[in-house]
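Engineer: Just dropping this structure here.
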Amino acid sequence: MEENIAALSTAFATAGVAVIRISGDSPLEIAEKMFAPQGKTPVKDFEPYKMYTGTIDGKTFTDYGMCVYFKAPKSYTGENMVEFHCHGGVAIVKGLLRRIYELGARPAERGEFTKRAFVNGKLSLSSAEGLIDMINSESESEVRAGYGLYREKLKKKIDVIQDELTYALAKIDADIDFPEEDLEAVSREEINETLDKAESELDKILATYRTGRTLKNGVKVAICGKPNAGKSSLLNAILGYEKAIVTSIPGTTRDVVEGSTSINGVKFDFYDTAGIRETSDEVEGIGVSIALKTVKNADLVLFVYSAEDFNKEDEEILSGLNGLNVVKVMNKTDLADGKNNDVILPELKTSAATGAGVEELKRYVFERTVGANIDLGGDFLTEERHYDAIKRAKEKIASAKASVIDMPLDLSSIDIKEAWQYLGEISGKSASEDVINEIFSKFCVGK
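Numbering (the numbering used here), first residue to last: 958 to 1404.
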């Protein structure tokens, strides 16, 4: 018997429609006391998955809306569920929720509806993480990556590998239980082949992690250079709108100005930093310090210098970027007279004023960070938790392979079981309660 929980499923803001969700053992009993159908069918006889119109009683007011009943186990949570679709006024939502709580339901906790779905076998833990990623997505690549997780693509691969480990364990158990059958020589060879296959499949998954993290988290690009190199103008040109203040006064940008855009469906965060130079101005000095930190934490650095004024300051800044992923960008090409064009060889030439070279810059930045021939519809490992679990499982498989060669098979069995447990953390088969609670706490109330 699960107690009834209730919450607003849509955003808590003035809107045309709001959806209030109730789940548990007896949500229909609450609906009977609040909903008056327009037709002749009483609430207790509602056909599941059919929308009914009528009035919703908030005790001190009445709203007109719709009600739908989801019968267990064919519901989102796997329990009996009711949804009220009412007008989205804040007072209406508050009043209806208050009435639902008076009738015995309690307020749902963050992610509790989805956690109940997990407990009732409606989705895996990794599927829930995919759902979180989709809800929080800001780019098409994040949506695709989240959807792949939600649709159990990773889980299905891991399930196959776990089945292989289970097969290896069965061979070991057979050898241990029936030593008189002289199965050991055959078992060791088969077990090694099975473990080799599992290890190879895990390697393939791990190899997608770097790109997967990029597709999920986006790419951080820092724009740096000396004052008046046209960094702010270049940021505005890349974004397609005015984000940073542009003046002819050196040192105008004192804090980091961030702007995001999508390139081929992938989110790119560009950071316009303060012009790097020696300064006696305390505020500007703080800006320069922040700029240097931003540059060090970026996935890619655009070193921007002016085509009309390359000097020792530029050289010093560029030398300080050694070891970083740097792209040299000659800006203000519309003002160039040719005298500085051969000082250093830029990878890119742009004019923020005219827009020349900006689209080429976007293409180049994408290829440099994501890849030229990347299949954005492919399967990628995106979660650090999954990466760590697979790495630990792979280490245990390697240990099992080493002991299979010339040690008692029951020692290999221990490593294989631990590898299986680590992989089970991904789907939730063997995840700790703390991990489960942490994941569902990332959802908002009503999800």
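Yeah, the Cβ is synthetic: ideal placement off N, Cα and C, and Gly gets one too.
These numbers come from a predicted model, not from an experiment.
1) Starting from residue 1038, follow its DSSP beta bridges and name the residues at the other end.
2) Does the contact criterion of 3 or more C-beta pairs under 8 Å hold for the stretch 1185 to 1201 versus the stretch 1369 to 1380?
3) Exposed or buried, residue 1055, counting other C-beta atoms within 10 Å across all chains shown (16 or more means buried)?
4) Using a Cβ-Cβ cut-off of 8 Å (strictly less than) and excluding sequence neighbours within five positions of residue 1049, which residues of its own chain qualify?
5) If we count the other Cβ atoms within 10 Å of its Cβ and call it buried at 16 or more, is residue 1330 buried or exposed?
6) If you reduce the DSSP assignment to three classes, tell me which class residue 1145 lands in.
7) Taking all protein chains shown into account, do 16 or more other C-beta atoms lie within 10 angstroms of the C-beta of residue 1004, making it buried, or fewer, making it exposed?
8) Does the distance from the CB of residue 1327 to the CB of residue 1176 come in under 8 Å?
9) Tell me whether the stretch 1388 to 1401 and the stretch 1067 to 1074 touch, counting them as touching only if at least three CB pairs, one residue from each stretch, are closer than 8 Å.
10) Report the rounded CA-to-CA distance for residue 1161 versus residue 1231, giving the unit in angstroms.
11) Under a three-way DSSP split, which group does residue 1091 fall into?
12) Does the distance from the C-beta atom of residue 1036 to that of residue 959 stay below 8 Å?
13) Quick one: what's got a C-beta closer than 7 Å to residue 1396's C-beta in the same chain, skipping five residues either side?
14) Look at the Cβ atom of residue 1291, then the Cβ atom of residue 1183, and state whether they are nearer than 8 Å.
15) Should the stretch 1113 to 1128 be called in touch with the stretch 1143 to 1162, which here means at least 3 C-beta pairs below 8 Å?
16) Going straight from the alpha carbon of residue 993 to that of residue 999, what length do you get?
17) Taking the continuous alpha helix (DSSP H) assigned at residue 1390, which residues delimit it?
18) Ignore the nearest five residues each way along the sequence and tell me which others in residue 1319's own chain have a CB closer than 6 Å to its CB.
19) Ignore the nearest five residues each way along the sequence and tell me which others in residue 1061's own chain have a CB closer than 7 Å to its CB.
20) Using 8 Å as the Cβ pair cut-off and three pairs as the minimum, do the stretch 1257 to 1265 and the stretch 1166 to 1181 touch?
21) Could you compute how far the alpha carbon of residue 1337 sits from the alpha carbon of residue 1108?
22) On a Cα-Cα basis, can you pick out the residue from 1197, 963, 970, 990 that is closest to residue 978?
23) If we count the other Cβ atoms within 10 Å of its Cβ and call it buried at 16 or more, is residue 1357 buried or exposed?
24) Which residue comes first and which comes last in the alpha helix (DSSP H) that contains residue 1168?
25) Where does residue 1345 land, buried or exposed, given buried means 16+ other C-beta within 10 angstroms?
26) Can you check which of these residues, 997, 1045, 991, 981, is closest to residue 1027 by C-alpha distance?
27) State the DSSP-derived secondary structure class of residue 1114, mapped to helix, strand or coil.
28) Taking 7 Å as the limit between beta carbons, can you name the residues of its chain near residue 1216, skipping five residues before and five after?
29) Tell me which residue opens and which closes the beta strand (DSSP E) that residue 1367 is part of.
30) By the DSSP assignment, the beta strand (DSSP E) with residue 1324 in it spans what residues?
31) Let me check you understand the geometry: is the CB of residue 1024 closer than 7 Å to at least one non-hydrogen atom of the ligand FMN?
32) Please look up how many angstroms separate the CB atoms of residue 1339 and residue 1102, rounded, as I've assumed it's under 8 Å.
33) Give the range of the beta strand (DSSP E) segment to which residue 1193 is assigned.
34) Would you mind sorting residue 1237 into buried or exposed? The rule is 16 or more other CB atoms within 10 Å of its CB.
Structural biologist: This is what the structure holds:
1) Residue mapping note: residue 1038 aligns to position 81 of the sequence shown, counting from 1. Answer is 980, 1027, bridged to residue 1038.
2) By the Cβ rule, the stretch 1185 to 1201 does not count as touching the stretch 1369 to 1380, because fewer than three pairs are nearer than 8 Å.
3) Counting from 1 along the sequence shown, the entry for residue 1055 is found at position 98. So residue 1055 counts as exposed.
4) Indexing the sequence shown from 1 puts residue 1049 at position 92. The beta carbon of residue 1049 sits closer than 8 Å to the beta carbons of 975, 1015, 1018, 1020, 1043 from its chain, once the five residues preceding and following it are set aside; these are given in chain order.
5) Walking along the sequence shown from the start, residue 1330 turns up at place 373. Residue 1330 sits exposed, since fewer than 16 C-beta atoms from the chains shown fall within 10 Å of its C-beta.
6) Here residue 1145 refers to the residue found at position 188 when the sequence shown is read from its first residue. Residue 1145 sits in a helix when the DSSP states are folded into three classes.
7) Walking along the sequence shown from the start, residue 1004 turns up at place 47. That one is exposed.
8) The residue you call residue 1327 lines up with position 370 of the sequence shown. The residue you call residue 1176 lines up with position 219 of the sequence shown. Yes, Cβ-Cβ distance for residue 1327 and residue 1176 is below 8 Å.
9) Touching, yes, given that three or more Cβ pairs across the two stretches are closer than 8 Å.
10) One-based indexing of the sequence shown puts residue 1161 at position 204. One-based indexing of the sequence shown puts residue 1231 at position 274. Distance between the alpha carbons of residue 1161 and residue 1231 is about 42 Å.
11) Translated into the one-based positions of the sequence shown, residue 1091 becomes position 134. Residue 1091: helix per DSSP, three-state reduction.
12) Position 79 of the sequence shown, counting from 1, holds the residue named residue 1036. Position 2 of the sequence shown, counting from 1, holds the residue named residue 959. A distance below 8 Å separates the beta carbons of residue 1036 and residue 959.
13) On the sequence shown, residue 1396 is found 439 positions in, with the first residue counted as 1. Excluding residues within five positions, the ones whose Cβ falls inside 7 Å are 1082, 1085, 1086.
14) Within the sequence shown, the letter at position 334 stands for residue 1291. Within the sequence shown, the letter at position 226 stands for residue 1183. Going by C-beta atoms, residue 1291 is not nearer than 8 Å to residue 1183.
15) Segments in contact, yes.
16) For this step, residue 993 is matched to residue 36 along the sequence shown. For this step, residue 999 is matched to residue 42 along the sequence shown. Spanning the two alpha carbons is a distance of roughly 8 Å.
17) Position 433 of the sequence shown, counting from 1, holds the residue named residue 1390. Annotation for residue 1390: the continuous alpha helix (DSSP H) segment containing it runs 1390 to 1397.
18) Stepping through the sequence shown from its first residue, residue 1319 is reached at position 362. So the qualifying residues of the chain are 1220.
19) Along the sequence shown, read from residue 1 onward, the residue named residue 1061 stands at position 104. Contacts found: 961, 987.
20) The stretch 1257 to 1265 makes contact with the stretch 1166 to 1181; the number of CB pairs closer than 8 Å reaches 3 or more.
21) Here residue 1337 is taken as the residue at index 380 of the sequence shown, counted from 1. Here residue 1108 is taken as the residue at index 151 of the sequence shown, counted from 1. One Cα belongs to residue 1337, the other to residue 1108, and the distance between them is close to 13 Å.
22) The sequence position of residue 978 within the sequence shown is 21, counting from 1. When the alpha-carbon of residue 978 is set against those of 1197, 963, 970, 990, the nearest one is in 963.
23) Here the question's residue 1357 lines up with position 400 in the sequence shown. Under this definition residue 1357 is a buried residue.
24) Stepping through the sequence shown from its first residue, residue 1168 is reached at position 211. Unbroken alpha helix (DSSP H) run through residue 1168: 1166 to 1174.
25) By 1-based counting over the sequence shown, the position of residue 1345 is 388. Residue burial annotation: residue 1345 is exposed, with fewer than 16 other C-beta atoms found within 10 angstroms of its C-beta.
26) The sequence position of residue 1027 within the sequence shown is 70, counting from 1. Nearest of 997, 1045, 991, 981 to residue 1027, Cα basis: 981.
27) Walking along the sequence shown from the start, residue 1114 turns up at place 157. It is helical.
28) As a first step, residue 1216 must be located in the sequence shown, where it is residue number 259. Closer than 7 Å at the Cβ level, and outside the excluded window around residue 1216, lie 1192, 1196, 1200, 1227.
29) Here residue 1367 refers to the residue found at position 410 when the sequence shown is read from its first residue. Boundaries for residue 1367: no beta strand (DSSP E) harbours it, while the alpha helix (DSSP H) harbouring it runs 1366 to 1384, taken from the DSSP string.
30) Residue 1324 sits at position 367 when you count from the first residue of the sequence shown. Segment 1315 to 1326 is the alpha helix (DSSP H) holding residue 1324; no beta strand (DSSP E) there.
31) As presented, the structure is devoid of all ligands, the ligand FMN included, so that no description of it is given.
32) Position 382 of the sequence shown, counted from the start, is the residue given in the question as residue 1339. Position 145 of the sequence shown, counted from the start, is the residue given in the question as residue 1102. Correct: roughly 5 Å between the Cβ atoms.
33) Counting from one through the sequence shown, the residue named residue 1193 turns up at place 236. Segment 1188 to 1196 is the alpha helix (DSSP H) holding residue 1193; no beta strand (DSSP E) there.
34) On the sequence shown, position 280 is the one that residue 1237 refers to. Annotation note: pLDDT 46 at residue 1237 (below 50); position unreliable, coordinate value reported separately. Under a 10 Å Cβ-count criterion, residue 1237 is classified as exposed, with fewer than 16 other Cβ atoms of the shown protein chains found around its own Cβ.
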